[in-house]
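The numbering of the sequence shown is our numbering, which starts it at 895 and goes up by one.
Structure record follows, encoded as structure tokens.
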Amino acid sequence: MLLRTLVVHPDLDLRVLAGEDDLDRRIRWIYTTDLHDPSRYLSGGCLVLSGLLWWRGPGDSEAFVATLAEAGVAALGAGTAEHGFVPDDLVDACRRHGIVLLEVPEHVSFATITELVVLALAAERDAAGGQREPAGLPEALRRAGAALDAGCWLLSPTARVIAGSGPVPALAQRQSLVRRALTGSDAEAGTLHSRGRSYTVLPTGPGHPLAGWVLVVEGEAGRWSGAQRRAVDGLLATARAELSRLDDARRTQAVTRTAVVRAVLSASPTPPDVVSRLRQAGLCERLCVATASTEEGGPALAVPVLEELALHLGVPSVVAEVNGEVFGLLAIGRERLDWAVAEMAEAVQVLEPGLRRAGLAVGISPAMSWSAIRGAAEESRHARQLAEHRHRRASVVNGATLTAYQLLLAAVPRDLRASYRERVLGPVAAYDAEHQSDLVHTLRVFLDCSGSWKRAAQRLHLHVNTLRYRIERIGELTGRDLTTLAAQVDLHIALHLD
């Protein structure tokens, strides 16, 4: 991709401040940084984006630009959200060292530029087919589709279409194919049947299935010729190379992302330099915080899973591990929160088979302003802890719907929860098991009806006298008088510690 292609893009409003005669340089990759010395993350032909948080005054630019020049960087995109301008000494340094300098206006997010570059590089890579590097995804998919005379698609663990050849299957069909593919072997191709058609599904990489993609091809692999098999193998090689590049990009950006998320979660109000970084990432002034955990795999698995869920929603986000916990800042306002939670819960059900024994718990906070993000993070943590206590392999909990006592109970350790429930409800559960009765359910309905005999009896389809007998039996088993508020509170808490 040429620098000139970015400069003339109508949606970016980029302004060339240095290197006007070098816009035919090629961009090989893109990297965002605000480190004083990013040398270990740079490579030749890279487009570097920076919010200039490292700049504090004249003279700061020379060392930074010299580092870029030594690495063979193609250009520097300087954001104006932090200072409102591009420093003159930065312009001078870029001219001295032969670095193209582009001014990025405040209303253009780095995420937008990154997406354009990544997609353009994928489309361009080896389009001629005679170069040594593997072809880009669109071209590799086109070739494979032509060789197979069939549609083929790369799908994410939530059934997003990464790229494809041929008419895209409907969402429900994609979800079914991905879910069944994740249920199967991690290493071998499998044949699935959906809506009268046969599909071959193949994993794209040797790593965890939720950190990769699923290749879906119309037809059965057993009928492929040698040439068709080679076309699919080439496509898989290209997909693995793209995944490797994305993983490299994630690692190089991890330091910056972690610093931003840590600053947001630890300071109130949010410092101006961090606000600048959030704006550059496309995050609006109202955010929600999501946090995720896995029983096995830890943050190394939780980070890509939470990133995938944000991509599934299609919202700007910053995801990072902070002190062993994985948090995501998502650009979701109050009016879209219920939609986002429902979409995320549906996506989690699609990727659930790929968890194997890992388990996944996700908590989402209400939408908050930047100044209240610390509180939002706590609410998301409590929601996640409540999800962790549920007896499900994957669970999403909306912190906005939790009552005050549920938020408090979410912080109770697992051992203490089990001990309290056994001490209070153990005799009732044992009685149910021995006599095939349903006293626990009766108690739950009675308390849900706020102790109303008439409403509870109607819901249970019982005579009021029968209900009174059951509640009295529960009182005998627990040693509590259920006509008192204190006893009802004890039992209500025990029921919700399940």
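Using N, Cα and C, we set each Cβ at its ideal position, and we do this for glycine too.
Taking the alpha-carbon positions, what's the residue i to residue j distance?
i: Glu914; j: Arg950; result: 26 Å
i: Gly875; j: Val1199; result: Residue 875 lies beyond the stretch modelled for the chain, which goes from 895 to 1392, so this question has no answer here.
i: Arg1134; j: Val1126; result: 12 Å
i: Glu1246; j: Ala987; result: 51 Å
i: Arg934; j: Ala965; result: 9 Å
i: Ala1196; j: Arg1145; result: 14 Å
i: Trp1264; j: Arg1173; result: 11 Å
i: Gly992; j: Leu962; result: 10 Å
i: Gln1330; j: Gly1369; result: 18 Å
i: Ala1380; j: Arg1374; result: 9 Å
i: Asp1084; j: Leu1015; result: Correcting the residue identity first, residue 1084 is Gly in this sequence and not Asp. Looking at the two C-alpha atoms, the distance is approximately 31 Å.
i: Ala1040; j: Tyr1093; result: 16 Å
i: Ala1239; j: Ser1289; result: 7 Å
i: Met895; j: Leu996; result: 16 Å
i: Glu1272; j: Arg1251; result: 27 Å
i: Ala969; j: Thr1152; result: 25 Å
i: Asp1326; j: Trp1107; result: 47 Å
i: Ser1160; j: Lys1348; result: 51 Å
i: Arg1315; j: Asp1309; result: 10 Å
i: Pro952; j: Ile1007; result: 27 Å
Determine, using beta carbons only, whether residue i and residue j come nearer to each other than 7 Å.
i: Ala1005; j: Ala1175; result: yes
i: Val1154; j: Arg1171; result: yes
i: His1283; j: Leu1341; result: no
i: Leu1249; j: Arg1287; result: yes
i: Leu1207; j: Glu1237; result: yes
i: Val1183; j: Ser1259; result: yes
i: Ala1038; j: Cys1046; result: yes
i: Val1110; j: Leu1076; result: no
i: Ala1053; j: Gln1069; result: yes
i: Leu1371; j: Val1334; result: no
i: Ala1388; j: Val1318; result: yes
i: Ala1281; j: Gly1320; result: no
i: Arg1073; j: Val1244; result: yes
With 16 as the cutoff for other CB atoms within 10 Å, does residue i come out buried or exposed?
i: Leu1177; result: buried
i: Phe979; result: exposed
i: Pro999; result: exposed
i: Asn1359; result: exposed
i: Pro904; result: exposed
i: Arg1278; result: buried
i: Trp1118; result: buried
i: Pro932; result: buried
i: Asn1217; result: exposed
i: Ala1081; result: At Ala1081, the pLDDT of 45 sits below 50, so the modelled position is not reliable; the number obtained from the coordinates is stated separately. Label assigned to Ala1081: exposed.
i: Glu1027; result: Confidence in Glu1027 is poor, its pLDDT being 38 and thus under 50, which makes the residue's placement too unreliable to answer from.
i: Trp923; result: buried
i: Leu1065; result: exposed
i: Leu1254; result: buried
i: His1357; result: exposed
i: Glu1009; result: exposed
i: Leu1337; result: buried
i: Gly1090; result: exposed
i: Val1062; result: exposed
i: Trp1201; result: Before going further, note that residue 1201 is Glu rather than Trp in the sequence given. Burial call: buried.
i: Glu1291; result: The question names Glu, but residue 1291 in the sequence shown is Val. Answer is buried; the Cβ neighbour count reaches 16.
i: Leu1224; result: buried
i: Gln1025; result: Low confidence applies to Gln1025: its pLDDT is 36, below 50, so where it sits in the model is not reliable enough to give any reading.
With 7 Å as the threshold, decide whether the Cβ of residue i is near any Cβ in chain B.
i: Asn1217; result: In the structure shown, chain B does not exist; there is a single protein chain.
Where does the unbroken alpha helix (DSSP H) through residue i begin, and where does it stop?
i: Pro1193; result: 1192 to 1207
i: Arg1228; result: Arg1228 -> no alpha helix (DSSP H), and no H or E assigned at all.
i: His977; result: Note, His977: premise wrong, no alpha helix (DSSP H); not H, not E.
i: Cys1343; result: Segment: none, Cys1343 is in no alpha helix (DSSP H) and carries neither H nor E.
i: Val959; result: 955 to 965
i: Leu929; result: From DSSP, Leu929 is part of no alpha helix (DSSP H); its letter is neither H nor E.
i: Gly1369; result: 1358 to 1372
At what residues does the beta strand (DSSP E) containing residue i begin and finish?
i: Asn1292; result: 1288 to 1292
i: Thr1181; result: A small correction: the amino acid at residue 1181 is Leu; Thr does not occupy that position in the sequence shown. Looking at the DSSP string, the run of the beta strand (DSSP E) that includes Leu1181 is 1180 to 1188.
i: Cys1046; result: 1046 to 1049
i: Ala1214; result: 1211 to 1216
i: Ile993; result: First-last for Ile993: undefined, no H or E at that position.
i: Leu943; result: 940 to 944
i: Ser1092; result: 1091 to 1097
i: Tyr925; result: 923 to 926
i: Ala972; result: 969 to 973
i: Leu911; result: 909 to 912
Excluding the 5 residues flanking residue i on each side, which residues of the same chain have their C-beta closer than 6 Å to its C-beta?
i: Arg1036; result: Ser1059
Within a Cβ cutoff of 7 Å, which residues of the same chain sit near residue i, ignoring the five residues on either side of it in sequence?
i: Thr927; result: Tyr935, Val942, Ser944, Thr1150
i: Gly1113; result: Leu1042, Ala1044, Ser1092, Thr1094
i: Ala1351; result: His1357, Val1358, Leu1361
Say yes only if the C-beta of residue i is nearer than 6 Å to one or more non-hydrogen atoms of the ligand NAP, and no if none qualify.
i: Leu1223; result: Judged by which ligands are present, the structure shown has none, so any question about the ligand NAP falls away.
Kindly list the residues whose CB is nearer than 8 Å to the CB of residue i, restricted to its own chain and excluding five residues on each side of it in sequence; keep chain order.
i: Val1209; result: Leu1224, Ala1225, Ile1226, Ala1234
i: Arg1397; result: Missing from the structure shown is residue 1397; the chain here goes from 895 to 1392 and no further.
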